[in-house]
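Structure first, then comments.
Numbering (the working numbering), first residue to last: 73 to 144.
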């Protein structure tokens, strides 16, 4: 993997601040980026699904009696 000097410097500074090695910081950053990418993909799939099959007006009426609003 090739990184420009400025990025390496910023990574080193951030890692040092967190008490981590460059490798540990980079691993965590990559895991976080992959998790965000996965979440964006899932959100897009959900959006496309609801565009193809929008919620019907009465679709959740059957659950109305199951709702608990904490007014006991």
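Using N, Cα and C, we set each Cβ at its ideal position, and we do this for glycine too.
- In the three-state reduction of the DSSP assignment, residue 93 falls in the coil class.
- If you ignore the 5 residues before and after residue 94, its C-beta comes within less than 7 Å of the C-beta of 83, 84 and 87, all in its own chain and listed in chain order.
- Contact between residue 106 and residue 97 is absent: CB atoms are separated by about 15 Å, not below the 8 Å threshold.
- Separation of residue 121 and residue 140 (C-alpha to C-alpha, rounded to the nearest whole angstrom) is 28 Å.
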